[in-house]
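Colleague: The listed protein sequences derive, respectively, from chains P and L. Residue numbering for the first sequence is 155 to 424, as defined by our numbering. Residue numbering for the second sequence is 163 to 428, as defined by our numbering. I have a structure here, written as structure tokens, and I will follow up with some questions on it.
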Amino acid sequence: MIEFLRESLRQLYLLILYDVRKIFRYKIFILMRVAWFTVQVGFFAYLITAVVGQRFGAQATYYHFYLLGAYTSILFTITMFRGYEIAQEFEEGVIEYMLSLPIKRRILAIGRILGGSISSFFLSLPMFLIVIILLGGFEPIAILSAALSAYLFSIGVVGLSISIVFLLKSGDVTDIAFGMMDSLLVRLSTVFYPATILLSFLPYYYVGVSNPLSYLADFLRWIFYPSELGKYLIQDDPAKILFFLLGFSISLTTLATIFIEKRVEGGGWK
Amino acid sequence: MSLVKSLISLKPKSIYMIVNRDLDRFWKYRWWLAGLITMNLADLFIFAVLFNRIVNRELIPDYFLFIAPGITAIAAFASAFSIGREVGVEIRRGFTQYLLSLPISRLELAMGRVLSGVVRGMIYETPFLILLLILIKIPSPIEILYILAASILMTLTMSSLSIAISTSTRNFDMQATLRSFTYFILFFISNVFYPEKLIRVRFPGPLYYIASFNPISLTVSLYREIFGVSQQYPYLPEHILIFLFIWAITTTVSYTHLTLPTSDLV
């Protein structure tokens, strides 16, 4: 039993390492992301704040509100990118190779999800630091809580993207589905506007209230500006938001694991 | 002089065949198109509608009407820019070698690809322009000609630029990254989301001129001027068309005359 557990953990470690090591392939990619995120927060966010004009309490402006939303949206995009990568692995036959290895499907699924989420979070770290620097100094506990909640969110998003790729099994359709999801979910969330604004259009509000992006963006806002931005949360109680994020990551990880364990076969990639 | 000679020797039929082939392929990417349309419509009917509720009314009375011409220009830009992605995929799959082996000159092939981008941009932009006519006003015939001229010049610039990026390297990931980077820079550093005067006040240096003379900004300014969503742009529509013409000529000549002879990728 102990030997089995040790072997499973070793396999899990190797799978996580496989994804994490790939970070070093993305030097140019991350450099470009950092560059356009800098433009987004240094130019777009600055001007759009002037367009809004409205303050969010004594210390916070729309700029503070938007920066945390912008980080949420970039983390979502980077994490969904794991799906593109897995689609590429399908094209290159790497997934078939992995399915043929003497590794339990469950370990394979969990390993890829944890590895994918760790590397996504690391890839988003420069943007996280830019946001922290622009917002000003904070307590280490607040920064740590924000990092942990962001990681929790990326676990759920990797689970989601893996499930979609394995379900669609097509490079082109995956490309389009992710593009559409990205554009719709970012706009139908509290990334750009407070939940009270979404409430003015009920169909939009219902999507926003079940959208994980709204929960991470608002949870980060509550962590850094509890008295100012805490009034505009998607749920009145921050504990509910945290439970949602926890439920999201556990349920999507479970879904992807069941999917890989029960339904996935090699081949059939379009 | 050699450019003039090359231009005179161009066979319109060869260019037409390339454009026709690309247009045919454009319809095959209907799902990709659906994704692009979703993104642009989401910007208009979700982002603009909701954002309209928090903007400073003294600065922008109606954000939906303000951003609608911007989204129209972005739609044409994105679609024309997509030709670069396709050229990139062809380079990756080695299909470019086949195209180079066809009995047509490199310049004809290049012009055909660039014009394909223009046709794509114009087709894709048309429903958005119709939406502007319905939502805002119907311009006069001369104003419609101005709109068409601006759209053609802007899509010509973007098409040349995206193909030039795709043919600059064989590394597919690098191509995609460079295209995305260029796309986002042009997208954010423009007047699509904020008024011209605000950029001038907040960034009164070179950044203002970059944002202001960006081909997308120029097109958006002309649309706003014609549709009456005025932003007190300092130049007349005729001046804007001249600036756009300079952009189109510069990028097209740079691509067809400088990149092309030295590259084995078209």
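Virtual Cβ for every residue (Gly too), placed ideally from N, Cα, C.
Quick one: list the residues of chain P neighbouring residue 145 of chain L, beta-carbon separation under 9 Å, in chain order.
Modeller: Nothing in the structure corresponds to residue 145 of chain L, since chain L is present only between 163 and 428.
Colleague: Give the residues of chain L in contact with residue 358 of chain P, contact being defined as C-beta atoms less than 8 Å apart.
Modeller: Residues of chain L passing the Cβ test: 208 and 212.
Colleague: Return helix, strand or coil for residue 209 of chain P, following the three-state DSSP convention.
Modeller: In the structure shown, residue 209 of chain P sits in a strand (DSSP, three-state: E or B).
Colleague: With distance defined between alpha-carbon atoms, name the residue in L:274, L:185 and L:289 nearest to residue 236 of chain L.
Modeller: Ranking L:274, L:185 and L:289 by Cα distance to residue 236 of chain L puts L:289 first.
Colleague: Measure the alpha-carbon distance for residue 359 of chain P versus residue 336 of chain L and round it to whole angstroms.
Modeller: Cα-Cα distance, rounded: 39 Å.
Colleague: Can you give the Cα-Cα distance for residue 354 of chain L and residue 275 of chain L, rounded to whole angstroms?
Modeller: If I take the Cα positions, the gap works out to 27 Å.
Colleague: With a 10 Å radius around its C-beta and 16 neighbouring C-beta atoms as the bar for buried, classify residue 182 of chain L as buried or exposed.
Modeller: Exposed, by the Cβ-count rule.
Colleague: Should residue 256 of chain L be flagged as near chain P, meaning a C-beta pair shorter than 8 Å?
Modeller: So no, residue 256 of chain L is outside the interface.
Colleague: Which one or two residues does DSSP pair with residue 215 of chain P in a beta bridge?
Modeller: In DSSP, residue 215 of chain P forms a bridge with P:209.
Colleague: Roughly how many angstroms separate the alpha carbons of residue 227 of chain P and residue 340 of chain P, rounded to a whole number?
Modeller: Each residue's alpha carbon lies about 6 Å from the other.
Colleague: CB-CB under 7 Å to residue 231 of chain L, same chain, minus the five flanking residues each way: which ones, in chain order?
Modeller: Closer than 7 Å at the Cβ level, and outside the excluded window around residue 231 of chain L, lie 294, 382, 385, 386, 389 and 391.
Colleague: Assuming residue 344 of chain P is part of the alpha helix (DSSP H), what are its boundary residues?
Modeller: Where residue 344 of chain P is concerned, there is no enclosing alpha helix (DSSP H), given that its DSSP letter is neither H nor E.
Colleague: Report yes or no: is there a C-beta of chain P within less than 8 Å of the C-beta of residue 356 of chain L?
Modeller: With 8 Å as the cut-off, residue 356 of chain L counts as an interface residue toward chain P.
Colleague: Can you tell me whether residue 249 of chain L is buried or exposed, with buried defined as 16 or more other CB within 10 angstroms of its CB?
Modeller: Buried.
Colleague: In whole angstroms, give me the CA-to-CA distance for residue 229 of chain L and residue 361 of chain P.
Modeller: Residue 229 of chain L and residue 361 of chain P: Cα-Cα distance of roughly 23 Å.
Colleague: So which residues on chain L does residue 330 of chain P lean against when the C-beta distance must stay under 8 Å?
Modeller: Result: 193, 194, 196 and 197.
Colleague: Mapping the DSSP letters down to three states, classify residue 281 of chain P as helix, strand or coil.
Modeller: Helix, per DSSP.
Colleague: Report the neighbours of residue 351 of chain P on chain L: residues whose CB is nearer than 9 Å to its CB, in chain order.
Modeller: Those are 212, 213, 215 and 216, listed as they occur along chain L.
Colleague: Please classify residue 428 of chain L: does DSSP put it in a helix, a strand, or coil?
Modeller: With a pLDDT of 47 at residue 428 of chain L, under the threshold of 50, the modelled position of this residue cannot be trusted, and the question is left open.
Colleague: Express the C-alpha separation of residue 338 of chain P and residue 386 of chain P in angstroms, rounding to a whole number.
Modeller: The alpha-carbon atoms of residue 386 of chain P and residue 338 of chain P are separated by roughly 21 Å.
Colleague: Can you list, in chain order, the residues of its chain with a C-beta nearer than 7 Å to that of residue 372 of chain L? Leave out the 5 residues immediately preceding and following it.
Modeller: The answer, listed in chain order, is 351.
Colleague: Please say whether residue 413 of chain P and residue 320 of chain P have beta carbons closer to each other than 8 Å?
Modeller: Against a cut-off of 8 Å, the Cβ pair of residue 413 of chain P and residue 320 of chain P comes out as a contact.
Colleague: So, is residue 269 of chain P buried or exposed, given that buried needs 16 or more other C-beta atoms within 10 angstroms?
Modeller: It is buried - the Cβ of residue 269 of chain P has at least 16 other Cβ atoms within 10 Å.
Colleague: Specify the secondary structure class of residue 444 of chain P as computed by DSSP and reduced to three states.
Modeller: The structure shown has nothing for residue 444 of chain P, since chain P only spans 155 to 424.
Colleague: Does the CB of residue 334 of chain P have a neighbour CB from chain L at under 8 Å?
Modeller: Chain L contact via Cβ: present.
Colleague: Round the Cβ separation of residue 269 of chain L and residue 172 of chain L to the nearest angstrom and send it over; I've been treating them as touching at under 8 Å.
Modeller: Contact flag correct, Cβ pair sits at about 6 Å.
Colleague: When you check each C-beta in the segment 360 to 378 of chain L against every C-beta of chain P, which residues fall closer than 9 Å?
Modeller: So the list reads 360, 361, 363, 364, 365, 369 and 373, given in the order they occur along the chain.
Colleague: Output the distance between the C-alpha atoms of residue 428 of chain L and residue 267 of chain L, rounded to the nearest integer angstrom.
Modeller: Reliability fails at residue 428 of chain L, whose pLDDT of 47 lies under 50, so the model's placement of it is uncertain and the value that follows must be treated cautiously. Going by the C-alpha atoms only, they are around 11 Å apart.
Colleague: Suppose you measure from the CA of residue 408 of chain L to the CA of residue 315 of chain L; what does that come to, to the nearest Å?
Modeller: Each residue's alpha carbon lies about 9 Å from the other.
Colleague: Using 10 angstroms around the beta-carbon of residue 399 of chain L, count the other beta-carbons present and answer buried if the total reaches 16, otherwise exposed.
Modeller: Label assigned to residue 399 of chain L: buried.
Colleague: Please list the partners that residue 339 of chain L has in chain P, where partner means a Cβ-to-Cβ separation under 7 Å.
Modeller: In chain order: 182, 183 and 186.
Colleague: Can you have a look at residue 391 of chain P and say buried or exposed, based on whether 16 or more other CB atoms are within 10 angstroms of its CB?
Modeller: When all chains shown are included, residue 391 of chain P counts as exposed.
Colleague: Touch check for the segment 293 to 310 of chain P and the segment 370 to 384 of chain P: three-plus C-beta pairs under 8 Å?
Modeller: Result yes; three or more Cβ-Cβ pairs closer than 8 Å.
Colleague: Using a C-beta cutoff of 8 Å, does residue 354 of chain P count as contacting chain L?
Modeller: Answer yes: the Cβ-Cβ gap between residue 354 of chain P and chain L drops below 8 Å somewhere.
Colleague: Could you check which residue in L:369, L:176, L:217 and L:170 has the C-alpha nearest to that of residue 265 of chain L?
Modeller: Considering only alpha carbons, the answer is L:176.
Colleague: Quick one: Cα of residue 288 of chain P to Cα of residue 320 of chain L, how far?
Modeller: Straight-line Cα distance between these residues: approximately 33 Å.
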